[in-house]
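Notes follow the structure.
4 protein chains.
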Amino acid sequence: MIRFENDYTEGAHERILKRLIETNEEQTPGYGMDEHCEKARGFIRKECEAPEADVHFLVGGTQTNTTIIASILRPYQGAIAAESGHIATHETGAIEATGHKVLTLPSEDGKITADQVKELVDAHWRDASPEHSVQPGLVYISNPTENGTTYTKAELEALNKVCEACQLPLIIDGARLGYGLASPDNDITLADYARLCDVFYIGGTKIGAMFGEAVVIINESLKKDFRYLIKQRGGLLAKGRLLGIQFETLFEDGLYYEVSKHAVDMALILRQAFVENGFALRYDSTTNQQFPILPEYVIAELSNNYSFSHWEKVDARHSAVRFCTSWATKKEHVEMFVNDLHRVCIRS
Amino acid sequence: MIRFENDYTEGAHERILKRLIETNEEQTPGYGMDEHCEKARGFIRKECEAPEADVHFLVGGTQTNTTIIASILRPYQGAIAAESGHIATHETGAIEATGHKVLTLPSEDGKITADQVKELVDAHWRDASPEHSVQPGLVYISNPTENGTTYTKAELEALNKVCEACQLPLIIDGARLGYGLASPDNDITLADYARLCDVFYIGGTKIGAMFGEAVVIINESLKKDFRYLIKQRGGLLAKGRLLGIQFETLFEDGLYYEVSKHAVDMALILRQAFVENGFALRYDSTTNQQFPILPEYVIAELSNNYSFSHWEKVDARHSAVRFCTSWATKKEHVEMFVNDLHRVCIRS
Amino acid sequence: MIRFENDYTEGAHERILKRLIETNEEQTPGYGMDEHCEKARGFIRKECEAPEADVHFLVGGTQTNTTIIASILRPYQGAIAAESGHIATHETGAIEATGHKVLTLPSEDGKITADQVKELVDAHWRDASPEHSVQPGLVYISNPTENGTTYTKAELEALNKVCEACQLPLIIDGARLGYGLASPDNDITLADYARLCDVFYIGGTKIGAMFGEAVVIINESLKKDFRYLIKQRGGLLAKGRLLGIQFETLFEDGLYYEVSKHAVDMALILRQAFVENGFALRYDSTTNQQFPILPEYVIAELSNNYSFSHWEKVDARHSAVRFCTSWATKKEHVEMFVNDLHRVCIRS
Amino acid sequence: MIRFENDYTEGAHERILKRLIETNEEQTPGYGMDEHCEKARGFIRKECEAPEADVHFLVGGTQTNTTIIASILRPYQGAIAAESGHIATHETGAIEATGHKVLTLPSEDGKITADQVKELVDAHWRDASPEHSVQPGLVYISNPTENGTTYTKAELEALNKVCEACQLPLIIDGARLGYGLASPDNDITLADYARLCDVFYIGGTKIGAMFGEAVVIINESLKKDFRYLIKQRGGLLAKGRLLGIQFETLFEDGLYYEVSKHAVDMALILRQAFVENGFALRYDSTTNQQFPILPEYVIAELSNNYSFSHWEKVDARHSAVRFCTSWATKKEHVEMFVNDLHRVCIRS
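Chains as they are written, first to last, in the working numbering: chain W, 113 to 460; chain G, 113 to 460; chain A, 113 to 460; chain H, 113 to 460.
What follows is the structure in structure tokens.
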């Protein structure tokens, strides 16, 4: 069984493993106060061209989203997000568990627009009794989105502008940020992210690390006491060095970009194969997730040797499915798959 | 600088590192549904003589305590704990953040007694209007305690009995469980824990693993939907295999016991050295934490080469301090320290 | 200015005032343990033909919804409701503030169907990883709905059936329950409510009382410790007798039905006037709320002497507006309004 | 049975009842936006010499404490209070239910000192890892305290000073504020309260009103969006006018002070009677609550005709009990009690 079901099926990039072994006997202070974390922070600040940014390391995505959002909102405020946003759908109500509503916007492709945000905010304040509704308190997007699509720099600038006008922090879930950076369509740099949003994070779990998400806080007013929140939400890893070592390795000489590019290259091979075999794509993704719409019999055939996830029923005979590649995807597996796909399609 | 400041200053036991490397390229399903987790569960169930137990793996202690407690209590219930308990003091109010009060009992040495629990519960129900106070909903202890002390089997049986009588689940924070098992005073087995409490966990972070806590749910009525809670609280590690692999290694052939014993052996050498030099011990610990009361000038001298933590001011010229050993403590470091301690004491 | 803007513009029915005066100097125990509460409970149990029901009195609707829902759900569960449901829109995220998501269903008229509930629940359990989403934990409806529409007994029975099949408690927000009972289309009795749902409440605030909502808990398993929750959520009125006295008066000899009927009679006069003047109704309501779609100039004219609420823009020249009647609506005001409406319509 | 068990055994002062009747048919906007509320706000601002203060009306004390505290704290902060404080003991964990720990200080008489606050705050910031503990976020006191004792102006000024130095808002629970103002020992005015704290409230429930607490927000930075919090916590009364009318009546011409004085006068008669009969007082209260230590046989005798509350067992043969007077206490009842007390004491 070759797994394309998600982008965390393997352990970690070999250079990270190597570094973990080399540093294993070092004695360091706990909770992210060690030198590896400090060095990793430096590398990230540099990439972001944000020397004043606060950088914190957490273990996983749900934890990171919850901690960031809880650090920003007052109790009666909510987070604006696409209805398909991770915080709206796949975190078991973690945001609600911190007391906050997710205010959802309809979205066909996982993205939301500046106009949508503006209209939701305006509608709130137009209400004669706004205090009877949840007040919009921040805007959450992820890039790439749950559907593999990406924002352009122009779209991000428009969101930044509307957020400033509405006095709403803009936060970006970057669990797959590297795969966005590596997209052939991408025109956004880490420095742009730092310039255009208030808080974002750089995902490691899905991109080369064993685990780990690096939170970058740009907005000065959101920096205060963030470590209290990490600790309270259970995200302050005792051996914080493990996070520092991983992000140090990913960012000291471009490994993060390199492995991201590999994953996207592999995904584009898959994409081409689906298109060449005449299959439509549910979303127009040029990142590491691909969503072909396949006939059920093709799905059944492929499932014998490959794992991938069901996305949605399209009609009686077709479903959209999701294939993920990652830093760890082997080219020979992709080629084997492409061959098998051709074979299945020709045969039928 | 040689660090005795806590028991998580190094990475992980070499056998765990080795296993992580060997398995690194395996492709596994996420979120703890892989074969390594399944095997680790089997080993733990066997050690606990609890074939029906549910076993879940989480990353860290605060997260684990919060998740267990949130899974048990109704909104108006609280957790009974020693006033020095970890959930009462060192988790930034994580329990309160899930809506629950910690109902504290005074404790000199970190332990609470069955009688104390009974009296607190009785007092609640004696009240003419109990619904105006937080209802006791469970009993939380840790073994060893924050002070390195341990419960005897008789004490644990008494707590079990009173908890049953009061219909309160008994949960045990085992972040340092191995160091308790390895204490020369210990008369409790893992099977005893499984027999005498409702939920407990076996700490890995401080005992050989990079990170990880294995939750063992014994009480049938507390098993339902626990994974939802893990996910909601941000504790469901994407690459759950990392936890499975570590606990598999720790429990397949006794490594957990072996490294625990090493740490306690090292601690007892420290203990003896303090006693021989005429220093009192703040708590009578036979586990991996030692709390000597030292003159300030001794503390100052030792601090040049060793890190350890300030515990409390005892009088104008003395403080209690904490030394931790761990699975990773090197015997030569301990011997060096003992020599240095003698030297400092003789000189003065 | 004559107010049709909501159904709580006046104080309380004169018989309630009278009873408050008569009983004012009585000394009673606090928190609902007095004889008036006990008598009121008896009357309500009798009307509901539910001698075993628990009856509790709370002050207002948001508080009541929050308390009921918090008493039922486990932390990772959510409440299914219409997207226009009060808990989804007009309680400032009170449900989320207790940690729970509102799982919304689309609704044109404020009602949800048994089929919709079934499909949402089935979709949750069909998911390969249901623990990544909020688990449906109860079904919330209000009757009448926010749009003045009502469920038929058949629809309620269907909901009851699907809830039983899915093991979800069915709770009914009855803030305007009396106005539903008084609708000419109604075929549901209080006894039916008690038979078909797990918890419901009988609104007093909008129906004759100064304030107060009577919660009726039918399901045995949901009765435990409800008073703790009322107290914790700030809903346990010190002078609980005030609630007892009001519900005693409303239910000892049918006053509740009588004043409800008056309000609906007044609303139906308004309805007829709108229809006769050629206006469409946004919702087909036969309860105390009417939602005509009026031209902006008619709205402007009427606004000089009458207050009512803007509901939604329908097109460039029309808006739906809401008129409420209540137990306190004076017939001469309604007639004056009808005349004014005719005049405005004729003139233009 | 004559009731001294609490200070909310009767309905409301007759002038309040009268006003409720007079205004009953007025039509007003909901939620505190009516003219009665506005007038009441004006009276209160004037008494407080705080023309810029925000004044909000809520129904009960627990709700008010919870709403104020939730409006101030960030998620990882706690409220400093006496261990006997109402929020620490008698609100079923309502503060914890909003996610916040109550940080308790020992107290013999219900009061806390500026020095205690300073020491707790200093200890937090002295900690090498403060983010592992709950951060002190505000100071809560009540005046009078749960024990009937009162703060002097000098003590309040000292608290104000330490709170400013520590940048902690000082909030005062004034559920019995009037009874403090009426104490013969009192040297604090409403204007002093407004000058010396950030938020306080003026209790109506126990002092003449049917129900109601008037929150006065002095600190500009704490005013924002308070109505959202009231609504979310279920405290926004639909017929807000009921609160406005009551506080208007209490404050338009000094009724609040007048009824408060009556209650304290009655309490001092009780106090004198206890002292004259040789009984010690558990707390030195000159407000409306008295805590005599009585022999069990005296308690038993008196219980035949009077209700009062058990406070605590003092020794095998004595208990402290609590007697409350209120605005509604009848002088003849007090005199009857004094006679009965003498009789019981003489007989034995």
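C-beta: ideal position from N, C-alpha, C; glycine also.
Neighbour list for residue i in chain A, Cβ cutoff strictly below 9 Å
{"i": "glycine 190(W)", "result": "Gly205 and Glu208"}
Buried or exposed by the 16-neighbour rule on C-beta atoms within 10 Å, applied to residue i
{"i": "threonine 264(A)", "result": "exposed"}
{"i": "arginine 333(W)", "result": "The residue asked about is misnamed: residue 333(W) is serine in this sequence, not arginine. Classification for serine 333(W): exposed."}
{"i": "tyrosine 120(A)", "result": "buried"}
{"i": "proline 248(H)", "result": "buried"}
{"i": "glutamine 402(W)", "result": "buried"}
{"i": "arginine 238(A)", "result": "exposed"}
{"i": "glycine 356(A)", "result": "buried"}
{"i": "asparagine 298(H)", "result": "buried"}
Partners in chain H for residue i, counting only beta-carbon separations shorter than 7 Å
{"i": "lysine 54(W)", "result": "Within the shown structure, residues of chain W are numbered from 113 to 460, placing residue 54(W) beyond reach of any answer."}
Whole-number beta carbon distance between residue j and residue i, since they are thought to touch under 8 Å
{"i": "isoleucine 319(H)", "j": "serine 245(H)", "result": "Between serine 245(H) and isoleucine 319(H) the Cβ distance is about 38 Å, and since that is not below 8 Å, they are no contact."}
{"i": "serine 295(H)", "j": "valine 376(H)", "result": "6 Å"}
{"i": "isoleucine 156(W)", "j": "phenylalanine 363(W)", "result": "6 Å"}
{"i": "proline 404(W)", "j": "valine 446(W)", "result": "Wrong, their Cβ atoms sit about 14 Å apart, outside the cutoff."}
{"i": "alanine 350(H)", "j": "tyrosine 188(H)", "result": "With a Cβ gap of about 34 Å, alanine 350(H) and tyrosine 188(H) do not count as contacting."}
{"i": "glycine 369(G)", "j": "glycine 290(G)", "result": "Residue 369(G) is actually tyrosine in this sequence, not glycine. At roughly 7 Å, the Cβ-Cβ gap stays under 8 Å, so tyrosine 369(G) and glycine 290(G) are in contact."}
{"i": "glycine 347(A)", "j": "threonine 201(A)", "result": "Rounded, the Cβ-Cβ distance is 21 Å, inconsistent with contact."}
{"i": "phenylalanine 323(H)", "j": "glycine 172(H)", "result": "6 Å"}
{"i": "histidine 257(G)", "j": "alanine 287(G)", "result": "Reading off the sequence, residue 257(G) comes out as threonine, not histidine. That belief does not hold up - the Cβ atoms of threonine 257(G) and alanine 287(G) are roughly 11 Å apart, past 8 Å."}
{"i": "glycine 260(W)", "j": "lysine 213(A)", "result": "No, glycine 260(W) and lysine 213(A) are not in contact; Cβ-Cβ is about 25 Å, not under 8 Å."}
{"i": "leucine 406(W)", "j": "serine 431(W)", "result": "7 Å"}
{"i": "glutamate 360(G)", "j": "glycine 211(H)", "result": "Contact flag wrong, Cβ pair sits at about 37 Å."}
{"i": "valine 426(A)", "j": "valine 456(A)", "result": "The pair is not a contact, with the Cβ atoms about 18 Å apart (cut-off 8 Å)."}
{"i": "glutamate 269(W)", "j": "leucine 217(W)", "result": "Between leucine 217(W) and glutamate 269(W) the Cβ distance is about 19 Å, and since that is not below 8 Å, they are no contact."}
{"i": "leucine 250(A)", "j": "isoleucine 330(A)", "result": "Actually they do not touch by this definition, with Cβ atoms about 13 Å apart."}
{"i": "lysine 335(H)", "j": "aspartate 166(H)", "result": "5 Å"}
{"i": "isoleucine 253(W)", "j": "isoleucine 284(W)", "result": "6 Å"}
{"i": "alanine 124(G)", "j": "alanine 321(G)", "result": "6 Å"}
{"i": "threonine 140(A)", "j": "arginine 353(A)", "result": "5 Å"}
Interface partners of residue i on chain H, CB under 9 Å
{"i": "histidine 212(G)", "result": "Gly205, Glu208 and Ala209"}
{"i": "arginine 115(A)", "result": "Gln139, Thr140 and Pro141"}
7 Å Cβ cut-off: residues of chain G touching residue i
{"i": "threonine 201(H)", "result": "Ser245"}
{"i": "glutamine 175(W)", "result": "Gly346"}
Proximal residues of chain A, C-beta to C-beta of residue i below 7 Å
{"i": "proline 187(G)", "result": "Ala182, Leu341 and Gln344"}
Chain-ordered chain W contacts of residue i [CB-CB under 9 Å]
{"i": "lysine 351(G)", "result": "Tyr120, Thr121, Glu122, Gly123, Ala124, Thr317, Met322 and Phe323"}
Contact list for residue i against chain G, beta-carbon separation under 9 Å
{"i": "glutamine 402(W)", "result": "Simply none; closest approach about 18 Å."}
Interface partners of residue i on chain H, CB under 8 Å
{"i": "phenylalanine 354(A)", "result": "The amino acid occupying residue 354(A) in the given sequence is leucine; phenylalanine does not appear at that position. Per Cβ cutoff of 8 Å: Gly123, Met322 and Phe323."}
Residues that residue i contacts on chain W, provided the C-beta gap is smaller than 7 Å
{"i": "glycine 172(G)", "result": "Gly346, Leu349 and Ala350"}
Contacts of residue i in chain G (Cβ-Cβ under 8 Å)
{"i": "threonine 178(W)", "result": "Gly346"}
Interface residues of the segment 314-344 of chain G facing chain A [CB-CB below 7 Å] | The residues in question are Asp337, Arg339, Tyr340, Leu341, Lys343 and Gln344.
Name, going along the chain, the residues of the segment 133-149 of chain G whose beta-carbon falls closer than 8 Å to a beta-carbon of chain W.
-> Along the segment 133-149 of chain G, the positions whose C-beta sits under 8 Å from a C-beta of chain W are Ile133, Thr135, Asn136, Glu137, Glu138, Gln139, Thr140, Pro141 and Gly142, read in chain order.
Entirely enclosed alpha helix (DSSP H) segments - the segment 262-304 of chain A, minimum 4 residues | 265-278 and 289-293, all fully within the segment 262-304 of chain A.
Residues within the segment 117-131 of chain A neighbouring chain H, beta-carbon criterion of under 8 Å | Going along the segment 117-131 of chain A in chain order, one finds Glu117, Asn118, Tyr120, Thr121, Glu122, Gly123, Ala124, Glu126 and Leu129 with a Cβ nearer than 8 Å to chain H.
Which whole runs of the alpha helix (DSSP H) in the segment 327-414 of chain W are 4 residues long or more, in chain order?
-> The segment 327-414 of chain W contains these whole alpha helix (DSSP H) runs: 338-344, 353-364, 367-388 and 408-414.
Which full runs of the alpha helix (DSSP H) of 4+ residues lie inside the segment 186-223 of chain A, going along the chain?
-> As far as the segment 186-223 of chain A is concerned, its whole alpha helix (DSSP H) runs of at least 4 residues are 198-201 and 206-209.
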